[in-house]
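Reading through the structure tokens given below for one structure.
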Amino acid sequence: MEQTKANTKTTRDASAEGFEPRIVAFVCNWCTYAGADLAGTSRMQYAPNVRIIKLPCTGRIDPMFILKAFEGGADAVLVSGCHPGDCHYTSGNYHARRRWAVFHKLLDFTGIDPGRLHFSWVSAAEGRKFADLINDVTEAVRGLGPFASDNPARRQA
Ligand code: FES
Numbered sequence: 052m053e054q055t056k057a058n059t060k061t062t063r064d065a066s067a068e069g070f071e072p073r074i075v076a077f078v079c080n081w082c083t084y085a086g087a088d089l090a091g092t093s094r095m096q097y098a099p100n101v102r103i104i105k106l107p108c109t110g111r112i113d114p115m116f117i118l119k120a121f122e123g124g125a126d127a128v129l130v131s132g133c134h135p136g137d138c139h140y141t142s143g144n145y146h147a148r149r150r151w152a153v154f155h156k157l158l159d160f161t162g163i164d165p166g167r168l169h170f171s172w173v174s175a176a177e178g179r180k181f182a183d184l185i186n187d188v189t190e191a192v193r194g195l196g197p198f199a200s201d202n203p204a205r206r207q208a
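Right, dumping it as structure tokens:
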């Protein structure tokens, strides 16, 4: 039994070797996307592990988008939008925050480690914050390792 555990750990270590996390970021057009743009135009360096999906507002982010991202191969998902009170659609980010609180509790049920899902507010003026956020999330996910391909949340090919 101990040998099996050791073999499993060795296999996991081997599969995590050289692991580069794939992070899907759902961001709102008006704040976080503009913050990411500012980081880019200011030539700030950050981890290249993120794929950004721009939406009009975080209030538009359906929890199914997050599950689909995991199913499609993401190791982590980031949701980010305008700071509370700054949403261009008045209250979209408040809806997102409420949805987030409920969805976060469902993660255990789906078998997804809550550490693979991140939420943040980044304004259009916070390019540095965006770059730091991506670096922090990348390092956190690197520590978790790849999202298991045998996880029921991920469709088997
Ligand atoms: Fe940015 Fe609503 S427009 S969160």
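Residues in the sequence shown are numbered consecutively from 52, following our numbering.
Don't be surprised by glycine CBs; every beta carbon is placed ideally from N, CA and C.
### Message
How far does the beta strand (DSSP E) with R102 in it extend, from its first residue to its last?
### Response
101-106
### Query
From which residue to which residue does the beta strand (DSSP E) around G132 run?
127-132
### Cα-Cα separation, R111 to F70
31 Å
### Query
Roughly how many angstroms lie between the CA atoms of D183 and A90, to the nearest whole one?
Answer to the nearest angstrom: the Cα atoms are 10 Å apart.
### Query
Any idea if R149 is buried or exposed, counting beta-carbon neighbours within 10 angstroms, 16 or more meaning buried?
Counting Cβ neighbours within 10 Å, R149 comes out exposed, since fewer than 16 surround it.
### Task
State the beta-bridge partners of W172 as determined by DSSP.
Under DSSP, W172 forms a beta bridge with G132.
### Message
Taking 7 Å as the threshold (C-beta atoms), are V101 and I163 in contact?
### Response
no
### Message
Whole angstroms are fine: how far does the CA of V128 sit from the CA of R73?
### Response
The straight-line gap from Cα to Cα measures roughly 9 Å.
### Message
Please enumerate, following chain order, all residues with a beta carbon closer than 6 Å to at least one heavy atom belonging to the ligand FES.
### Response
C79, W81, C82, C108, T109, G110, G132, C133, C138, H139, Y140, G143, N144
### Query
I think V173 touches C82, with their Cβ atoms under 8 Å apart; what is that distance to the nearest whole Å?
6 Å
### Every unbroken beta strand (DSSP E) inside the stretch 70-103 [3 residues or more]
74-79
### Message
Along the chain, where does the alpha helix (DSSP H) containing D164 start, and where does it finish?
### Response
Per DSSP, D164 belongs to no alpha helix (DSSP H) and is neither H nor E.
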